[in-house]
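Trainee: Here it is, the structure, as structure tokens.
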Amino acid sequence: MTEGNRRPDRREDLLAAAGRRFVAVGIRKTTMEDIAREAKAGKATLYRHFRNKDAVIDDLLEREGERFTRALEQGAAGRETASDRIEGAFLAGVRFFVDHPILTKGRDEEPGILLPRITAGGGPLVRRGLALFTELIAEGVASGELRRVDPPVAAEVVVRLILSYFAFPPMQLRVDDPEEAAAFARALVAGALRA
């Protein structure tokens, strides 16, 4: 096969199919056979990549962790100050979780499956969020723009706040209103860190 006509990464196809099935019928009701059928693959192909459904879920969350990192980076990109970068990444993080079809379906209908994997023990989304916010906060502290805080501890507070909007959907704050969400982020998140 030449470079131009190679199939896209099969593992990614399988994860995308799993995500579609999880949204359509739920994680618990989705079988490995359903995932293979959705991906138009044989069961043997699926099992070559994943030993069971738990492995599919774990790898899907790793993939979403990579997407979460990209969303945070894009939210911070092009902003001048450290507090603006933190604000942008925070807002991007909240939107990522609030708008994510797989994660919100799992939260709403099968919280016992996804929530522990996301929150307990620092799952891939938490680890990646902590790394990025630690870096952003450390840069702001080093430049003197932010108060002298312990960057990993401050990053944990920011990530916990993002996760709170996922675990407990907003009741008062309208995160879908960009101005209201930005004002909140500016006042609470970045404002608490400014020197």
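Just so we're on the same page, my numbering is the position in the sequence shown counted from 1, plus 188.
Heads up, the beta-carbon is just placed ideally off N, CA and C, and yes, glycines get one too.
#1: Please report how far the alpha carbon of Ile274 lies from the alpha carbon of Glu344, in whole angstroms.
#2: Would you tell me roughly how many angstroms separate the C-alpha atoms of Asn193 and His288, rounded to the nearest one?
#3: May I ask you to verify whether the region 240–258 touches the region 333–342, counting CB pairs closer than 8 Å and requiring at least 3?
#4: Does DSSP put Arg199 in a helix, a strand or coil?
#5: Measuring alpha carbon to alpha carbon, tell me which residue in Ile306, Ala270 and Leu302 is nearest Leu324.
#6: Which runs of the beta strand (DSSP E) spanning at least 3 residues fall entirely within the region 241–293, listed in chain order?
#7: Can you have a look at Ala212 and say buried or exposed, based on whether 16 or more other CB atoms are within 10 angstroms of its CB?
#8: Can you grab the Cα-Cα spacing for the pair Lys241 / Arg225, in whole Å?
#9: Look up Leu351 in the DSSP assignment and say whether it is helix, strand or coil.
Mentor: The short version:
#1: 13 Å
#2: Confidence in Asn193 is poor, its pLDDT being 45 and thus under 50, which makes the residue's placement unreliable; the coordinate value appears in the next sentence. Computed Cα separation, rounded: 31 Å.
#3: no
#4: helix
#5: Ala270
#6: none
#7: exposed
#8: 14 Å
#9: helix
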